[in-house]
Every structure is written in C-alpha cells, then in structure tokens.
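Q:
Residue numbers (full-length UniProt numbering), protein chains in the order written: chain A, 1 to 601; chain B, 1 to 464.
1) So, at 8 Å on beta carbons, what are the nonlocal neighbours of residue 42 of chain A in its own chain, with the 5 sequence-adjacent residues on each side left out?
2) Please classify residue 433 of chain B: does DSSP put it in a helix, a strand, or coil?
3) Mind listing the chain B neighbours of residue 177 of chain A? Cutoff is C-beta to C-beta under 9 Å, in chain order.
4) What are the boundary residues of the alpha helix (DSSP H) that includes residue 39 of chain A?
5) Mind pulling the alpha helix (DSSP H) runs of 4 or more residues that sit fully within the stretch 228 to 274 of chain B?
6) Sort out for me which residues DSSP pairs residue 69 of chain B with in a bridge.
7) Mind listing the chain A neighbours of residue 281 of chain B? Cutoff is C-beta to C-beta under 7 Å, in chain order.
8) Per DSSP, what are the beta-bridge partners of residue 118 of chain B in this structure?
9) If contacts are defined as beta-carbon pairs under 8 Å, then residue 91 of chain B and residue 79 of chain B qualify, I think. What distance do you get, rounded to the angstrom?
10) Of all the options B/193, B/150 and B/136, which has the alpha carbon lying nearest to the alpha carbon of residue 167 of chain B?
11) Following the continuous alpha helix (DSSP H) through residue 462 of chain A, name the residue where it begins and the one where it ends.
12) I want to verify the contact list: residues of chain B whose CB lies under 7 Å from the CB of residue 241 of chain A, in sequence order.
13) Give the residues of chain A in contact with residue 285 of chain B, contact being defined as C-beta atoms less than 9 Å apart.
14) Looking at the strands, I want to know which residues DSSP matches up with residue 316 of chain B.
15) Terminal residues of the continuous beta strand (DSSP E) containing residue 178 of chain B?
16) Is it the case that the Cβ atoms of residue 403 of chain A and residue 535 of chain A are separated by a distance below 7 Å?
17) Quick one: does residue 190 of chain A have its CB under 7 Å from some CB of chain B?
18) Could you name the residues of the same chain whose beta carbon sits closer than 7 Å to that of residue 333 of chain A, not counting the 5 residues immediately before and after it, in chain order?
19) With 7 Å as the threshold, decide whether the Cβ of residue 238 of chain A is near any Cβ in chain B.
20) By Cβ distance below 8 Å, which residues in the same chain neighbour residue 193 of chain A in space, the five residues on each side in sequence not counted?
21) Look up residue 49 of chain A in the DSSP assignment and say whether it is helix, strand or coil.
22) Note down, in chain order, every chain B residue with its Cβ under 8 Å from the Cβ of residue 49 of chain A.
23) Measuring only the C-alpha atoms, how far is residue 396 of chain A from residue 341 of chain A?
24) Just how far apart, CA to CA, sit residue 380 of chain A and residue 447 of chain A?
25) Quick one, which of B/93, B/132 and B/33 has its alpha-carbon nearest residue 66 of chain B's?
26) Report, in whole angstroms, the separation of the C-beta atoms of residue 179 of chain A and residue 214 of chain A, which I expect to be a contact under 8 Å.
27) Whose Cβ in chain A lies nearer than 8 Å to the Cβ of residue 130 of chain B?
28) Cβ atoms of residue 235 of chain A and residue 206 of chain A: under 7 Å apart, would you say?
29) Against residue 260 of chain B, what residues of chain A qualify as contacts under a CB-to-CB distance less than 7 Å, listed in chain order?
30) Alpha carbon to alpha carbon, what distance is there between residue 14 of chain A and residue 20 of chain A?
31) Look up residue 86 of chain A in the DSSP assignment and say whether it is helix, strand or coil.
32) The beta strand (DSSP E) that contains residue 215 of chain B, what's its start and end?
33) What residues of chain B sit near residue 235 of chain A, judged by a beta carbon separation below 8 Å?
34) Tell me, please, whether the CB atom of residue 282 of chain B is closer than 7 Å to any CB atom in chain E?
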C-alpha cells in the first residue's frame with residue numbers, strides 16, 4: 001500500500017496543475033521522485049572553512065573529499081555506496097540552464113582527482129559523484145558535501161541551495177572556534193524551510209580548549225531562536241587519527257560515535273518519518289503559494305475590476321462630450337479662415353492686375369501701339385496668366401493650411417484627417433480675347449494732303465509779305481516757308497494720331513484686364529467656396545464617424561459593466577470552491593507532521 | 001606648498017572664520033590636535049576574530065579585552081582615562097589580572113571609550129584603537145586615519161563593511177587606507193604545523209582577488225596568539241615549554257591531539273594541569289605544537305625563539321605593512337582626516353565667509369598630487385585604469401603603492417647611493433614622459449602616465 005503522504009503529495013501536485021503553476025509542480029515531482037527513491041540524502045552545509053569535507057571524510061573513515069586550507073570544494077560532491085571505489089563528474093552537456101532540466105553527462109575520473117578536476121572546470125560541472133564500499137552507506141545513505149555558503153564566489157552558494165532541495169536531512173557544520181554567527185543562524189533558518197531535519201555539528205573541538213562553553217552558547221542561541229535542532233560536538237582530526245591507530249578511546253573522544261548513532265537513529269531508521277516531515281514542509285509551502293494569489297484574486301475582484309470597467313464607461317462618455325464641444329470650434333475656424341482667405345486672395349489679385357496696368361500705361365506713354373502690338377498682346381497675356389497662376393497657387397496653399405488648421409482643432413487625430421484634394425476641377429477658363437484697338441495708319445496721300453494744307457498757309461503768308469517788297473507771290477522765300485509749314489503740320493498731325501492710338505491701346509488693355517479680373521475673381525471666389533464646402537463635408541463626415549465610434553464604445557462599456565457583475569459572481573464561487581479544496585488539502589498535509597501554520601479560507 | 005601645510009593653513013583659516021561658534025571651535029581644535037598626533041589605526045572585525053589579541057601583539061603587552069572602544073596611546077607614564085557621556089573623563093587605575101594588564105573600569109557603567117596611555121616603543125608612531133564588534137563603519141572610522149580589518153576567509157559581510165567604509169565623497173576620492181588581516185592564521189590550517197605558510201599563501205591569493213584588491217592596500221596573515229606569545233613569553237612559560245619538548249616527539253604529539261588530552265589526567269610528565277591549562281590559553285594548541293617543535297629544532301633560547309615566532313606568526317609582516325602603508329603615509333592620512341572633518345563642518349554650519357574654504361577644499365581634494373597618486377593606485381588595482389602588464393607594476397611602484405621612500409619607489413632592493421637613484425629616476429622620468437605623450441595610447445593610459453611623471457618630477461629636487 002502506498003504510504004499516506006504519497007496520496008497527499010499527488011493531490012498537491014494535481015492542485016498545482018489545475019492552478020497552472022508548472023514551477024511548483026516540477027519541484028514537487030522532484031521531491032516525489034526523491035522520496036520514492038530508497039536513497040537517503042544527507043546534506044552537509046555550512047560557511048566555508050568550517051570542516052565540512054573533513055567531516056564527511058571522518059564519517060566514512062576515508063579521504064574521499066579533498067580538504068585544504070583555501071576554498072577547496074567547488075561543486076556538490078555526492079558520496080554513496082558502491083562495491084568498488086569509483087568517481088565521476090556530472091557536467092551539463094549544454095552550458096547554462098537550470099541544474100535539473102538540462103541533459104547531463106557523466107565522466108569517470110580517478111577518485112583522487114575528483115576535486116582537482118571539478119574546480120578546474122567548475123563552470124560546467126554540476127556535481128561530483130563518488131562511490132565507495134562502506135557499511136554506513138549500505139542502507140542507501142548518500143552524503144553530500146557542498147561548497148561553503150557566504151563565500152564571495154556566489155556560484156558556489158547557489159549550487160549549495162540547489163542541492164538543498166534534494167536533501168532528506170541536513171548536517172549544518174560550524175566550527176568550535178566561535179559560536180554560531182548571525183549569518184549562520186540565517187542559513188539555518190533558510191535550511192529549515194526546505195528540509196526540517198537539521199542537526200548542527202560543531203567541529204574542530206580538538207583545537208579549542210573552551211569548546212564546551214562554545215557548545216553551551218550555541219545551545220542557548222538555538223533555544224532562543226526557537227530552532228529544534230540537535231547539536232553534536234565532534235573532532236574530525238581525532239576520528240581520522242583514531243581510525244589510523246585503531247584507538248577506540250580516541251574515537252570515543254572524537255564525538256563521532258554520537259554523531260553516527262544520531263545519523264543511524266534519526267535519519268536512516270526513521271526514513272518514513274523523515275519523508276512525512278519533508279513532504280509536509282514542501283507541500284504546505286506549495287499550497288501556501290497557491291492560496292495567496294487565489295485569495296488576492298478573490299478580494300481584488302470585488303473592487304478593482306469593476307472600477308476599471310466603470311472608468312472605461314466614464315472615459316467614453318467624456319470623449320463624446322469633448323467631441324461635441326470641439327466640433328463647434330473647428331467649424332468656426334473653417335468659416336473664419338475661409339473668409340479671410342477669399343478676401344486676401346482677391347486683394348492679391350487686384351494688386352497684381354493693377355501692377356500690370358501701371359506697366360501698360362508706362363509703356364504706352366512712350367511706345368506706339370502700331371508697332372509690335374502682337375508682342376504687347378503676348379506680354380499682357382503672359383503677365384495676366386502668371387498673376388493668375390501665382391494667385392491661384394497661393395489660394396491652394398492657403399487652403400491646405402486652413403485644412404491643416406482645422407484638422408488641428410479637430411478632437412482626435414487620424415491618418416485621413418487632412419483631405420487629399422480640395423481643388424475644383426473646372427478652373428481657369430481663358431477670359432475673352434484682348435481686342436485690338438483701332439489704329440489709324442497715317443498713309444502717304446494723307447500725309448501729302450496734310451502737308452499741302454499746311455504749306456498753303458505758309459506760301460500765302462510769306463508771298464503776301466514779299467509781294468509788298470515787289471516780289472511775285474510765288475517766290476523762293478514763300479515756297480521755302482510753305483515747305484517748312486507743310487513739314488510742321490505733318491509732324492503735328494502724326495503726333496496727334498500717335499496720342500490717339502496710345503489712348504486707344506490703353507483703353508483696350510484696361511478693358512481686357514478688367515474683364516480678366518472680373519472673370520478670374522469670380523473663379524477664385526467660386527473655388528474658395530468650393531474648397532470650404534469640401535472641407536466642411538469632409539470634417540463633418542469624420543466627426544460623425546468618430547461620434548458613432550465613441551458612442552459605440554460607451555455602449556459596450558456599459559454592457560461590460562453589466563456583464564461583469566454576473567461573470568464575477570461565477571468566478572468568485574469557483575474561487576471559493578478551489579480555496580476550500582486547498583484548505584482541506586492543507587489540513588491533511590498538516591496531519592503528516594509539518595510545521596504548525598494557520599491557513600484559513 | 002606641501003599638502004600638510006596647505007591643510008594646516010586651511011584648519012587655521014576655518015578657526016578664524018568660526019571663532020564665534022563654540023561647537024565648531026571645539027571640533028576644529030580637536031582636529032588640529034589630532035593633526036599633529038601619530039597615525040590613528042582602528043582594529044576592526046567581526047566578534048571573536050581576535051581584535052584585542054592583535055592589538056596586544058602590536059603593543060607587545062597584554063591587556064584584558066573591554067566591551068567599548070579602547071585607545072592605546074604612547075606616553076611616558078602608564079595612565080588610563082574613561083570617557084563616558086558628556087562630562088569630563090575620569091582617571092582609572094591600571095591593575096593586573098594574572099599576566100595581563102587590566103583597566104579598572106568597573107565603577108563606570110557604560111564607557112564610550114577608554115584611553116590608555118602606555119609607555120611602549122611600538123606606540124611611538126601609532127595610536128591603536130580596539131573596537132567592539134558591533135561598531136558601525138562610521139563609528140570605527142570617525143576617529144581613525146587608517147583601518148586594520150581582521151577576518152578569517154573573506155566573506156560577503158567583510159566586503160560589505162569595507163565597501164561602506166569608502167562611501168563618502170572625500171573617501172571616494174581618497175580611499176580609506178586599509179590593511180586586511182587574515183587573523184587566526186593557525187586555525188585556517190586546522191592547527192597543522194605548516195598552517196602558517198598555507199595561510200600566507202591564501203593571503204597572497206586574496207591580494208590578487210579582484211573583489212578584495214580595490215578595498216585594501218595589502219592582505220597579510222597573522223596568528224594572533226602566537227604573535228602575542230612572541231612578544232610576551234615569560235621565563236616560567238619558556239621553561240615549561242622546554243620541559244614539554246624534552247618529551248619524545250611521538251608521545252607529545254599523542255597528547256597534543258586535542259586540547260582535552262593536553263590538560264587531561266594521563267599526562268606523562270609531572271606538570272600541574274593548571275600550568276598546562278595556562279599554556280593552552282596563552283598559546284593555543286597550535287602554539288604549543290609549534291613552539292615545542294621549534295625548541296626541538298634548536299631555537300632553544302628565549303631570544304632565538306622570539307625571533308622565530310615574530311617572523312612565523314606574521315607579526316613582522318604586519319608591522320612592515322603598517323609602516324609602509326600607514327606611518328610612512330602619515331601626512332596624507334592626516335590631511336585626509338582633516339579634510340573630512342572640514343567637510344563635515346562646512347556642511348553642518350555653512351557660512352558666507354566660509355565660501356572660500358569650500359572651494360579650497362574641493363580644489364585640494366581634486367588636485368593634491370598625493371591624493372592623485374592614491375587614486376591612481378586604487379584605479380590600477382581595481383582595473384578601472386589599465387596599463388600594459390610591464391608598465392602597471394612600475395607605475396604602482398613609482399606612485400608609492402609599495403612604500404613612499406624614493407629607493408622603494410625606484411625599485412632598489414639594496415642601499416643605493418644618490419647618484420644611482422638619480423640616474424634611475426631620470427631614466428624613469430624620460431620613459432614615462434614618452435608614455436604621457438604617446439598619441440597612440442588610450443586616454444586613461446596617458447593620464448596615468450602624467451601622474452607618474454609628476455611623481456618623478458616631485459622626487460627630482462631631492463637629488464639636486
């Protein structure tokens with residue numbers, strides 16, 4: 001029949017599985033395997049240089065573990081029964097990883113080389129195993145020598161604590177040159193948590209004249225700390241010496257018979273009791289670990305989760321309000337900005353056309369429209385076009401800026417917040433053609449006629465004057481004067497005609513520019529309004545979408561608050577059931593003889 | 001101006017600035033007094049590590065241990081004062097208890113500290129403090145210029161103590177001078193006859209350990225009981241030990257197997273158990289083993305034996321260490337303590353007129369060459385600054401890690417004359433100048449070389 005502790009342990013493992021704690025499960029499974037194993041592991045721990053290895057040697061009466069004045073033991077050394085002396089190093093096949101779950105390989109080494117090789121490759125070696133034929137080990141006892149705790153090289157300490165988990169009993173070694181230090185007391189308490197069967201061994205009593213006083217002080221310290229551990233003073237040196245000389249009295253003096261009796265009686269003989277106690281300790285620690293989060297969940301459930309859902313709901317409503325408040329703002333921004341935009345653009349256009357007209361005036365103050373009108377027409381067209389393009393480009397730029405500004409005033413940010421295009425398509429139809437002004441050319445017959453008309457007066461005027469001097473009416477002087485006068489009137493006439501042409505050209509240009517301005521400013525206004533409409537539509541669609549989303553999330557939050565209530569109640573019921581189960585299990589564990597701790601639902 | 005004069009003038013200046021504050025004046029006066037005293041060395045460590053024993057060994061006289069701070073100061077007359085609470089100290093008598101001197105503090109309930117003035121050559125250039133085990137690093141280092149830290153094997157707890165000792169802005173710039181002592185060297189070797197040499201090896205290993213090296217200047221091993229024995233062994237004890245060694249080696253060994261056997265009934269010689277008990281208490285089982293072995297080897301007069309014991313117990317090495325690292329560096333250590341005291345004062349009572357002192361203090365700490373040497377030693381030893389292996393040793397030696405005497409710095413093992421020293425110095429100077437200007441070298445390398453060059457330049461005037 002399986003011993004009762006096995007059922008309890010299995011159930012605890014089951015509980016660990018249901019609560020999804022693979023770490024605890026692995027630990028318990030290991031303990032289970034170890035308890036089913038007929039071997040009894042006795043761990044020798046203590047601070048460095050207390051004589052741990054020497055104690056193991058003295059227990060076995062054989063120099064199996066190397067001892068030295070400096071830090072010697074670097075890996076846990078397992079000493080167990082074997083028919084012929086043998087030794088092996090167990091190393092991690094792969095570097096790193098936990099000590100238990102990586103594949104390991106065994107390398108056989110000569111027994112006197114174990115420690116040397118172990119420290120040489122201590123990074124990879126997990127433990128050393130030594131087998132020797134000894135009656136003490138016959139019953140399946142395994143002595144485990146460990147590296148000192150509290151050494152500056154913490155790797156040693158870590159491997160000692162890893163080994164601690166596998167121990168059935170522990171011998172805590174402290175030498176007689178001083179009482180237990182506070183560090184040793186801490187270590188002792190830590191060991192008690194993992195394995196309750198601890199015996200304190202006070203070594204090196206041969207060196208210290210006042211060892212009895214030290215032992216007394218240590219007993220008092222243990223009693224004060226409430227640690228129910230036995231204390232045995234020994235001297236390894238005496239024991240080894242006695243073994244060499246076969247001196248029974250010396251052996252008795254060494255204190256080892258007591259220690260061996262204690263090991264036999266308390267550890268080997270009461271394996272079942274040890275197992276029950278050990279299982280009780282690990283199982284109750286595992287259950288405590290399971291219960292704590294469960295209980296926390298139960299209490300936290302009531303408050304925190306509901307609070308979270310309600311705050312989600314409040315947040316959603318707050319955002320809906322915020323959106324409403326903000327949408328008024330973006331509309332205002334859009335209206336204001338567009339009005340500004342249109343007036344600015346119009347002013348700009350007017351400014352540009354006026355500049356062109358001034359240029360035209362300046363040109364036709366001098367130039368003759370009759371010459372190069374085509375060129376002028378081209379120039380004017382170009383300039384107007386340029387003005388229009390620049391102006392329109394500016395409009396577009398400003399429009400995009402306005403879109404960005406409105407987007408900034410929009411309550412949330414989205415990728416598609418700024419519309420791709422706000423341009424109307426049907427823009428920039430050419431305005432009416434520039435009319436050519438009427439140009440009267442000054443033809444040769446006209447010139448002749450005008451010249452004659454002018455010369456007529458001159459001939460007559462000077463002919464009459466010279467006739468008084470007895471000359472004929474037509475003479476050299478009057479003819480000369482006639483020619484002069486004729487020439488002047490031709491000049492005057494052509495001058496006047498030029499002026500008229502210039503005025504006509506100016507008027508034509510003016511009309512054209514006016515037409516252009518009228519048409520184009522209308523276009524610009526239209527575009528502006530178009531842009532405004534596009535933007536308004538775009539943003540209001542977005543706002544509607546957003547509002548819908550927010551309202552939806554608020555609604556779902558509200559639903560969640562309601563759903564939560566029922567879900568929570570269900571889980572609370574389940575949690576309580578689980579907790580009750582664990583508490584029952586814990587009580588059974590306690591019955592095995594673990595430490596008396598209170599655990600209630 | 002040398003460092004000690006600079007610091008002295010700063011102390012004087014502070015006294016002028018704070019002359020209206022009685023508290024500050026008292027503080028400064030005590031520190032000015034301390035400035036002219038020998039180096040104060042605190043002996044600290046965990047409980048029952050053997051602090052009092054080491055102090056006794058260093059003094060060369062035995063005192064019964066006390067539960068409070070005990071200062072041992074050199075004087076012409078033996079006297080003792082007990083300081084407790086505010087009030088004046090009162091004088092107490094020094095009596096004897098067995099072979100030990102005992103300060104009769106019986107009538108005082110709680111002494112803050114006991115100051116023992118004792119005529120001893122060994123106290124001429126040091127003041128020793130024995131500290132209680134539960135004292136915090138601040139208490140221990142508050143009055144001390146240097147620290148002798150006792151431990152068995154280096155454990156985390158010891159490293160924590162040493163680290164916290166260096167946790168002050170000025171301490172970080174000029175680390176506390178510490179010599180770590182592997183006390184109870186005889187127990188490290190489990191009382192075997194070769195225990196002391198193996199303890200020396202362990203000390204050597206710790207000297208190179210990266211965790212230990214930056215925290216102390218040296219690690220030595222000392223067998224406390226043996227060291228005391230070396231200084232105080234008496235006629236009658238010597239006679240008893242001689243009688244013991246006349247016994248056959250095998251036979252004696254049998255009876256020296258354990259303390260119990262040695263004082264037990266079945267002892268082959270007619271020697272009172274009380275005498276044996278007394279020997280055991282004085283020398284320990286290891287001491288008895290070693291001394292009888294030594295006598296058997298021919299060190300059969302008290303003088304010869306004392307010489308052997310001083311050397312073997314590690315006391316000689318400890319004294320050398322104290323000389324090299326503490327008494328030779330007295331000026332720097334004193335300056336450091338005075339600067340710490342000034343720093344405390346300037347923080348506790350900040351004043352407008354003291355502004356100059358604050359900046360002076362900062363400047364001295366940052367730029368005094370002695371501190372820069374110390375910092376370089378610390379940086380090289382902790383590996384913060386790296387030099388090629390051949391240069392590292394020389395740099396450490398030149399900046400005074402092994403001693404501050406010019407011959408030691410220049411690496412002479414014999415008495416060299418001034419010409420030789422000068423030549424070696426000029427050689428070192430030229431080589432290190434080249435290092436300081438080497439553009440291919442990393443920055444810290446060049447900076448370290450600059451410090452070494454400055455050291456060499458400072459030595460130069462001594463050889464004209």
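We treat Cβ as the ideally placed atom computed from N, Cα and C, and that holds for glycine.
A: Answer, in terms of the structure:
1) Excluding residues up to 5 positions away in sequence, 141, 142, 143, 144, 167, 168, 169, 170, 171, 263 and 267 lie with their Cβ nearer than 8 Å to the Cβ of residue 42 of chain A in the same chain.
2) In this structure, residue 433 of chain B counts as helix in the three-state DSSP scheme.
3) Chain B residues near residue 177 of chain A: 48, 152, 184 and 187.
4) Counted as a single uninterrupted DSSP element, the stretch harbouring residue 39 of chain A is not any alpha helix (DSSP H), since DSSP gives it neither H nor E.
5) Those alpha helix (DSSP H) runs which fall completely within the stretch 228 to 274 of chain B and span 4+ residues are 235 to 245, 249 to 255 and 259 to 263.
6) Under the DSSP definition of a beta bridge, residue 69 of chain B partners with B/113.
7) Near residue 281 of chain B (Cβ distances below 7 Å), the residues of chain A are 209.
8) DSSP output for residue 118 of chain B lists B/74 as bridge partner(s).
9) Going by Cβ atoms, the distance from residue 91 of chain B to residue 79 of chain B rounds to 7 Å, so yes, they are a contact pair.
10) Ranked by Cα distance from residue 167 of chain B, the first of B/193, B/150 and B/136 is B/136.
11) Run containing residue 462 of chain A: 444 to 468, per the alpha helix (DSSP H) assignment.
12) Those are 257, listed as they occur along chain B.
13) In chain order: 206, 207, 208 and 209.
14) Residue pairing by DSSP places residue 316 of chain B opposite no residue, since no beta bridge is assigned to it.
15) Start and end: 177 to 182.
16) Yes.
17) No - not a single Cβ of chain B is within 7 Å of the one on residue 190 of chain A.
18) Residues of the same chain with a CB within less than 7 Å of the CB of residue 333 of chain A, apart from the 5 flanking positions on each side, are 405, 406 and 409 in chain order.
19) Closer than 7 Å to the CB of residue 238 of chain A there is at least one CB belonging to chain B.
20) Correct list, in chain order: 281 and 285.
21) In the three-state reduction of the DSSP assignment, residue 49 of chain A falls in the coil class.
22) For a Cβ distance threshold of 8 Å, residue set 152, 153 and 188 of chain B lies close to residue 49 of chain A, ordered along the chain.
23) So the alpha carbons of these two residues sit roughly 10 Å apart.
24) When rounded, the distance between both Cα atoms is 32 Å.
25) Residue 66 of chain B has its Cα closest to that of B/132, out of B/93, B/132 and B/33.
26) Confirmed, about 6 Å.
27) Ordered by position in chain A, no residue passes the 8 Å Cβ test against residue 130 of chain B, which lies about 18 Å from the chain.
28) Remark: C-beta atoms of residue 206 of chain A and residue 235 of chain A approach each other more closely than 7 Å.
29) By Cβ distance, chain A contributes 253.
30) If you take the alpha carbons of residue 20 of chain A and residue 14 of chain A, they lie about 10 Å apart.
31) Looking at residue 86 of chain A - three-state DSSP - the assignment turns out to be strand.
32) First-last for residue 215 of chain B: undefined, no H or E at that position.
33) Simply 258.
34) The structure shown contains no chain E; its protein chains are A and B.
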